[in-house]
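Below: one structure, written as C-alpha cells.
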Amino acid sequence: MIRVFIIYGGSEGESIGRKLEIYFKSNGIKSFLASPTSPEILPSEKFEERIDYELKNANFVIIVVTESINSSEPAKNEIHRVLNELKYPYIPFVKEDSTIPSNLQDRWNVSFSDGNIDEKMIEIELKMWRYYDRIPTLETSVKSENDEITAKKYTGFK
Numbered sequence: 002m003i004r005v006f007i008i009y010g011g012s013e014g015e016s017i018g019r020k021l022e023i024y025f026k027s028n029g030i031k032s033f034l035a036s037p038t039s040p041e042i043l044p045s046e047k048f049e050e051r052i053d054y055e056l057k058n059a060n061f062v063i064i065v066v067t068e069s070i071n072s073s074e075p076a077k078n079e080i081h082r083v084l085n086e087l088k089y090p091y092i093p094f095v096k097e098d099s100t101i102p103s104n105l106q107d108r109w110n111v112s113f114s115d116g117n118i119d120e121k122m123i124e125i126e127l128k129m130w131r132y133y134d135r136i137p138t139l140e141t142s143v144k145s146e147n148d149e150i151t152a153k154k155y156t157g158f159k
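Read in order, the letters of the sequence shown are residues 2 to 159 in our numbering.
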C-alpha cells in the first residue's frame with residue numbers, strides 16, 4: 002500500500018497540501034500532511050516524534066513547492082531527509098512562478114496554477130502509480146506446508 006508524506010512550507014502550501022491529502026484519502030491512498038494543526042496528531046503526542054514516525058513509514062513523498070517553502074526550516078529538513086537519508090521517491094508539486102529549491106531543480110515535477118490544481122492532482126496520482134508499476138518486486142506463495150516456496154516477479158505495488 003502506498004503511504005504518502007506531504008511536505009509544504011507556509012500557509013498557502015499547507016492549504017494545497019490539505020487538498021492533496023483529501024484527494025489521496027478519497028481515492029484510498031494513505032497520506033499524511035506534516036502540519037501542527039493536523040487532526041491526526043493527538044494532543045498527547047509530540048509533534049516531532051509523529052512527523053518522524055510518519056516520514057519513516059511513508060514510501061512516497063509529495064513536496065508542495067510555493068514561494069514559502071524556501072524559508073521553511075521544517076520543510077527544508079524534511080526534504081533533506083527524503084533526498085539524503087531515506088531516498089524515497091518524490092514528486093515536487095510546483096505552483097506556477099514559484100522558486101524551486103536548488104536540490105529539487107534537476108527533478109521532473111508537476112506544475113500547477115490556481116485554475117488547474119484538481120486536474121494536476123490526478124496527474125500526480127498517475128505519475129505515482131507509473132513509478133510503482135515499473136518496479137519489479139518479488140512475491141512468494143506457499144500452497145501448503147509441504148510445498149516448495151515459489152517466487153514470481155510482478156510489477157506494481159501492493
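Cβ atoms here follow ideal geometry from the backbone N, Cα and C, with glycine treated the same way. What you are looking at is a predicted structure, and each value in this text was computed from that prediction instead of being measured.
query, result
"Taking the alpha-carbon positions, what's the K88 to G116 distance?", "32 Å"
"Starting from I52, trace the alpha helix (DSSP H) both ways and give me its first and last residue.", "F48 to N58"
"If you measure between the beta carbons of S32 and E15, is that distance less than 8 Å?", "no"
"When we look at the beta-carbon of M2 and count the other beta-carbons within 10 Å, is it buried (16 or more) or exposed?", "exposed"
"Take the Cβ of K47 as the centre, count every other Cβ of all protein chains shown within 10 Å, and call the residue buried at 16 or more, exposed below.", "exposed"
"Apply the 10 Å Cβ neighbour rule to I23 and answer buried if 16 or more other Cβ atoms are within range, or exposed otherwise.", "exposed"
"DSSP three-state call for Y133: helix, strand or coil?", "helix"
"Helix, strand or coil, according to DSSP, for Y91 in the structure here?", "strand"
"Determine the contact status of R4 and N78, defining contact as a CB-CB distance below 8 Å.", "no"
"Would you check if the segment 123–131 and the segment 101–108 touch, i.e. whether three or more CB-CB distances between them fall below 8 Å?", "no"
"For the beta strand (DSSP E) holding L21, just list the boundary residues, first then last.", "No beta strand (DSSP E) contains L21, which is instead part of the alpha helix (DSSP H) from G11 to S27."
"Between which residues of its own chain and V65 is the CB-CB distance below 6 Å, once the five residues before and five after are set aside?", "Y9, G14, I17, G18 and F94"
"First and last residue of the alpha helix (DSSP H) that includes I63?", "Looking at the DSSP string, I63 is not in any alpha helix (DSSP H); the run it does join, the beta strand (DSSP E), is F61 to V66."
"Does the distance from the CB of P44 to the CB of I70 come in under 8 Å?", "no"
"Can you list, in chain order, the residues of its chain whose CB lies under 7 Å from that of M42, leaving out five sequence neighbours each side?", "Inspection of the sequence shows that residue 42 is occupied by Ile rather than by Met. So the qualifying residues of the chain are F48 and R51."
"Can you have a look at S99 and say buried or exposed, based on whether 16 or more other CB atoms are within 10 angstroms of its CB?", "buried"
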